[in-house]
Amino acid sequence: MRFSAFKIFKEGLTGNKGWTPHWREPEPKPSYDVIVVGGGGHGLATAYYLAKEFGVTNVAVLEKGWLGSGNIGRNTTIIRSNYMLPENNPFYEMAMKLWENLEQDTNYNSMFSQRGILNLCHSDPQRDAMARRGNAMILSGADAELLNREQVRELCPFLSFDNERFPITGGLLQRRGGTARHDAVAWGYARGADMRGVDIIQNCEVTGFHIENGVCTGVDTTKGPIKANKVGVCVAGSSSRVMAKAGLRLPIESHVLQAFVSEGLKPTIPGVVTFGAGHLYISQSDKGGLVFGGDIDKYNTYAQRGNLPVIEHIAEDMRAMIPALGRVRLLRGWGGVMDMSMDGTPFIDKTHIGGLYFNGGWCYGGFKATPSSGWCYAHLLAKDESHELAKGFRLDRFIGGNMVDEKGQGPQPNLH
Amino acid sequence: MIINHPLLGPRDSSEFYHMGDAVLMDRPDPEAENAAEQFHDYAYLRDNPAGEYRELWYHEQGDRSWLVVTRDTLTHEISSVELAREVARAQGRSK
Chain A
62 MRFSAFKIFK EGLTGNKGWT PHWREPEPKP SYDVIVVGGG GHGLATAYYL AKEFGVTNVA
122 VLEKGWLGSG NIGRNTTIIR SNYMLPENNP FYEMAMKLWE NLEQDTNYNS MFSQRGILNL
182 CHSDPQRDAM ARRGNAMILS GADAELLNRE QVRELCPFLS FDNERFPITG GLLQRRGGTA
242 RHDAVAWGYA RGADMRGVDI IQNCEVTGFH IENGVCTGVD TTKGPIKANK VGVCVAGSSS
302 RVMAKAGLRL PIESHVLQAF VSEGLKPTIP GVVTFGAGHL YISQSDKGGL VFGGDIDKYN
362 TYAQRGNLPV IEHIAEDMRA MIPALGRVRL LRGWGGVMDM SMDGTPFIDK THIGGLYFNG
422 GWCYGGFKAT PSSGWCYAHL LAKDESHELA KGFRLDRFIG GNMVDEKGQG PQPNLH
Chain B
25 MIINHPLLGP RDSSEFYHMG DAVLMDRPDP EAENAAEQFH DYAYLRDNPA GEYRELWYHE
85 QGDRSWLVVT RDTLTHEISS VELAREVARA QGRSK
């Protein structure tokens, strides 16, 4: 089934009886060329690109819960490529280019909207740092514009420009940044992978790895053992728990990040806006709800819920940045478990066990990377070598001192 | 979360700063043969358990004591709070 305007028109006239399920619900086969553990955004994107770009179609995606039940359905949907380090930004810019063509590529409406992302600055040194970041972004092929105070005012007149403590002095704008419908991203990749022969097996938890003589030959699951030539783990949020079954200790801690949605409002916020004097990012969904979030709770946890001090902090930031939102009511909030890595940068790499690969450590920036993470992981699984743009994401980078520490915080995961 | 401080009684967790796994108290011996490898594991690798977890909290906005808190990372339930000093002394350190 292919989606098109004509198809919608035809179904509208014939009682919408021709729509079919978007993917099959197969039972696992005894063996596959590649097993992807984890049916989230990155796992499904990996399977999709394995089948579409690298011609590997004998693939299974094993998902413990239901498809897209993890962080792909729990994030604030922000897409940007405004990193600074050379290991990072070309990779995120690759994702941005894939996002720009994703709907045509997957024939699925992921509601990708390049409404722009604006990072505010509140002092001269911060503005200098933004100029530097913007230059780095342009050097890696992304777009960036340094705005002065009046240009910011033109874009977002509702901001608190003369806040006593945090007056706005300008901002860094990436016009190609924006948002997408996160669930639809998972569904689009799942449908595209399924159409190309990938088996997506839900409610199938991996309980162990078959490792013989240092080589991984398959997995044990709640639906029985499955053989595979290659196993790619892709379970950010639970990476430590899953990889512990293969005997690995990871440079990762699990932390919770909260996100929130307000009641629906008329169009208020034109794109994504981030506060420069605290930690707050906010956008408005197509339904009108304000979608926003801030920092992680800063203690290790696997509970998908956070605590009140962070909510209070975010509310304070919001009042400081946009006083007009003072009486907006919170509709709901939720939490997602993040792989916080030791330098704030992810991993896409082989492990020391043959045939076992690892993708994780996305901190709380994994959503925007979904397409390039899937592409680069598929490249690694298909060709056994890292993609050019993911070479910095090695699992053993701390041994040689090759950390990719965008924020310069050192091995303190709750600060990244 | 409320942390029951051994000296000060129940305090809100927002007064504290979370410093990570309590194994960070056990710094490797820099004179050891494989000190570089041990320090790599010490600084960068974590067990990151789902369930009972021993961790360090620093009472930044209080008496500045270091605590070893045993907490369940699935439920946030705290089962014990000790002064890090006492834990170290029990190991024969910091006499």
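So the sequence lines, in the order shown, correspond to chains A and B. With the first letter of the first sequence counted as 1, position 303 gets the number 364 in my numbering; the numbers rise by one all the way through. With the first letter of the second sequence counted as 1, position 44 gets the number 68 in my numbering; the numbers rise by one all the way through. No residue lacks a Cβ here, since even glycine has one placed at the ideal position from N, Cα and C.
Sequence-distant residues of its chain with Cβ nearer than 7 Å to residue i (five each side left out)
i: arginine 214 of chain A; result: Phe222
i: phenylalanine 40 of chain B; result: Ile27, Trp81, Tyr82, His83 and Glu84
i: valine 62 of chain B; result: Before going on, a small fix: residue 62 of chain B reads as glutamine here, not valine. Cβ within range, chain order: Pro52 and Ala56.
Opening and closing residue of the beta strand (DSSP E) in which residue i lies
i: arginine 35 of chain B; result: 33 to 36
i: glycine 421 of chain A; result: 417 to 421
i: threonine 107 of chain A; result: Threonine 107 of chain A -> not in any beta strand (DSSP E); alpha helix (DSSP H) instead, spanning 102 to 114.
i: valine 303 of chain A; result: Taken as a continuous stretch (DSSP letters only), valine 303 of chain A belongs to no beta strand (DSSP E), being part of the alpha helix (DSSP H) at 300 to 305.
i: arginine 121 of chain B; result: Look at the range of chain B in this structure, 25 to 119, and you will see that residue 121 of chain B is not part of it.
i: alanine 105 of chain B; result: In the sequence on display, residue 105 of chain B carries valine and not alanine. First-last of the beta strand (DSSP E) with valine 105 of chain B: 102 to 107.
i: lysine 411 of chain A; result: 408 to 411
i: isoleucine 120 of chain B; result: Nothing in the structure corresponds to residue 120 of chain B, since chain B is present only between 25 and 119.
i: leucine 48 of chain B; result: Here leucine 48 of chain B belongs to no beta strand (DSSP E), and DSSP marks it neither H nor E.
i: isoleucine 96 of chain A; result: 92 to 98
i: glutamate 206 of chain A; result: 206 to 209
i: leucine 128 of chain A; result: No beta strand (DSSP E) holds leucine 128 of chain A; DSSP gives it neither H nor E.
i: alanine 121 of chain A; result: 120 to 123
i: glutamate 76 of chain B; result: 76 to 82
Other residues of its chain near residue i: CB distance less than 6 Å, five sequence neighbours each side excluded
i: proline 151 of chain A; result: Ser201 and Leu450
i: histidine 271 of chain A; result: Thr278 and Gly279
i: leucine 476 of chain A; result: Gln470
i: lysine 359 of chain A; result: Asn475
i: lysine 411 of chain A; result: Tyr418
i: serine 92 of chain A; result: Lys288
i: leucine 386 of chain A; result: Met379
i: proline 472 of chain A; result: Met403
Span of the alpha helix (DSSP H), counted from its first residue to its last, around residue i
i: serine 433 of chain A; result: 427 to 444
i: glutamate 61 of chain B; result: 59 to 68
i: isoleucine 460 of chain A; result: Counting along the chain, isoleucine 460 of chain A falls outside any alpha helix (DSSP H), and DSSP gives it neither H nor E.
i: lysine 71 of chain A; result: 66 to 74
Status (buried if at least 16 other CB within 10 Å, exposed otherwise) for residue i
i: alanine 60 of chain B; result: exposed
i: tryptophan 80 of chain A; result: exposed
i: phenylalanine 67 of chain A; result: exposed
i: phenylalanine 70 of chain A; result: exposed
i: threonine 268 of chain A; result: exposed
i: tryptophan 248 of chain A; result: buried
i: lysine 468 of chain A; result: exposed
i: proline 228 of chain A; result: exposed
i: arginine 70 of chain B; result: buried
i: histidine 276 of chain A; result: For clarity, residue 276 of chain A is valine in the given sequence; the question names histidine instead. So valine 276 of chain A counts as exposed.
i: leucine 234 of chain A; result: buried
i: threonine 75 of chain A; result: exposed
i: glycine 337 of chain A; result: buried
i: alanine 121 of chain A; result: buried
i: histidine 413 of chain A; result: exposed
i: glutamate 148 of chain A; result: buried
i: proline 34 of chain B; result: exposed
i: methionine 157 of chain A; result: buried
i: glutamate 79 of chain B; result: buried
Cβ-Cβ distance between residue i and residue j below 8 Å
i: leucine 105 of chain A; j: alanine 320 of chain A; result: no
i: alanine 307 of chain A; j: aspartate 400 of chain A; result: no
i: valine 333 of chain A; j: threonine 240 of chain A; result: yes
i: alanine 74 of chain B; j: arginine 366 of chain A; result: no
i: isoleucine 343 of chain A; j: leucine 220 of chain A; result: no
i: glycine 435 of chain A; j: tyrosine 153 of chain A; result: no
i: glycine 129 of chain A; j: aspartate 244 of chain A; result: yes
i: histidine 29 of chain B; j: valine 92 of chain B; result: no
i: asparagine 361 of chain A; j: tyrosine 77 of chain B; result: yes
Spatial neighbours of residue i in its chain, beta-carbon cut-off 8 Å, leaving aside the 5 residues before and after
i: leucine 98 of chain B; result: Ala74 and Gly75
i: proline 328 of chain A; result: Gln345 and Gly349
i: lysine 90 of chain A; result: Ala121, Asp260 and Ile287
Check: residue i C-beta below 7 Å from any heavy atom of the ligand ATP
i: glycine 202 of chain A; result: The model depicted lacks the ligand ATP and carries no ligand whatsoever.
Could you tell me which whole alpha helix (DSSP H) segments of length 4 or greater appear in the segment 367 to 401 of chain A? Runs of the alpha helix (DSSP H) inside the segment 367 to 401 of chain A: 369 to 382.
Length-filtered (3 minimum) beta strand (DSSP E) runs lying within the segment 142 to 187 of chain A: Listed in chain order, the complete beta strand (DSSP E) runs (minimum 3 residues) inside the segment 142 to 187 of chain A are 178 to 182.
Length at least 3, wholly inside the segment 312 to 370 of chain A: the beta strand (DSSP E) runs in chain order: Within the segment 312 to 370 of chain A, the complete beta strand (DSSP E) runs of at least 3 residues are 313 to 325, 333 to 336, 341 to 345 and 350 to 361.
If we require 4 or more residues per run, which alpha helix (DSSP H) segments fall completely within the segment 213 to 291 of chain A? The qualifying runs are 243 to 256.
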